[in-house]
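Engineer: Okay, handing you the structure first.
Numbering (my numbering), first residue to last: 75 to 251.
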């Protein structure tokens with residue numbers, strides 16, 4: 075009988091079983107009575123006919139990916155928004171629900187948290203972080219107490235940044251980019 079290591083080599087297909095049997099047939103294992111070698115048949119793997127291809131069922135996420143004009147997926151495409159962003163003056167945690175609704179509708183949102191207390195700001199920022207992580211969006215600080223939350227694959231246009239700046243809701247100097 076061969077050792078466990080020998081059996082593992084045969085099982086993995088690294089060594090031919092007949093080759094191993096001929097080498098070990100001459101000598102019995104120490105401390106054992108000589109037994110006739112048993113031939114172990116390898117497991118048969120069922121194969122599909124070559125013309126049949128088995129595909130996994132489509133998942134919900136794969137079925138909802140955006141398609142371009144030519145039918146190919148348009149993943150990673152960033153588009154500049156020509157619509158106006160919403161500015162939400164955060165006064166209570168219920169405003170986070172309004173934020174989530176706007177982001178799901180693919181509308182950029184600027185959160186004005188300059189008048190909110192510290193605990194509310196922390197809760198709304200935590201909620202926003204989870205929201206953008208789940209929806210694959212982005213979030214960026216654009217001023218003291220101002221945060222812009224963008225849906226996935228959406229950026230603000232120059233004109234929109236200028237408009238927000240005149241409203242006092244955008245304080246960065248990247249408007250002319």
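Ideal placement from N, C-alpha and C gives every residue a C-beta, glycine not left out.
None of the values given here were measured: they were computed from a predicted structure.
Expressed to the nearest angstrom, what Euclidean distance is found between the alpha-carbon atoms of residue 245 and residue 201?
Structural biologist: 23 Å
Engineer: Can you grab the Cα-Cα spacing for the pair residue 193 / residue 225, in whole Å?
Structural biologist: 25 Å
Engineer: Which residues does DSSP list as the beta-bridge partners of residue 212?
Structural biologist: 224
Engineer: Does any C-beta atom of chain B lie closer than 8 Å to the C-beta of residue 213?
Structural biologist: In the displayed structure, chain B is absent; only one protein chain is listed.
Engineer: If you drop the 5 nearest sequence neighbours on each side, which residues of the same chain put their C-beta closer than 6 Å to that of residue 215?
Structural biologist: 221
Engineer: Cutting at 6 Å between CB atoms, please list the residues of its own chain near residue 210, excluding the five before and the five after it.
Structural biologist: 226
Engineer: Using only the alpha-carbon positions, how far apart do residue 187 and residue 198 sit?
Structural biologist: Roughly 9 Å between the two C-alpha positions.
Engineer: Rounded to whole angstroms, what is the Cα-Cα separation between residue 208 and residue 81?
Structural biologist: 49 Å
Engineer: With DSSP as the reference, label residue 184 as helix, strand or coil.
Structural biologist: The answer is strand: DSSP assigns residue 184 an E or B state.
Engineer: Grab the span of the beta strand (DSSP E) containing residue 160 for me, first residue to last.
Structural biologist: 160–163
Engineer: Let's test the definition: count the other Cβ atoms within 10 Å of the Cβ of residue 175 and tell me whether it reaches 16, buried, or not, exposed.
Structural biologist: exposed
Engineer: Could you check which residue in 181, 190, 158 has the C-alpha nearest to that of residue 168?
Structural biologist: The candidate whose alpha carbon is nearest that of residue 168 is 190.
Engineer: Indicate the three-state DSSP secondary structure (helix, strand or coil) for residue 87 in the structure shown.
Structural biologist: Assigned with DSSP and collapsed to three states, residue 87 falls in coil, not helix or strand.
Engineer: May I ask which residues mark the beginning and end of the alpha helix (DSSP H) holding residue 239?
Structural biologist: 232–241
Engineer: Using the C-alpha atoms, what's the distance from residue 84 back to residue 212?
Structural biologist: 54 Å
Engineer: Which term fits residue 159, buried or exposed, when burial requires 16 or more other beta carbons within 10 angstroms of its beta carbon?
Structural biologist: buried
Engineer: If distances are taken between C-alpha atoms only, which option among 162, 228, 204 comes closest to residue 238?
Structural biologist: 162
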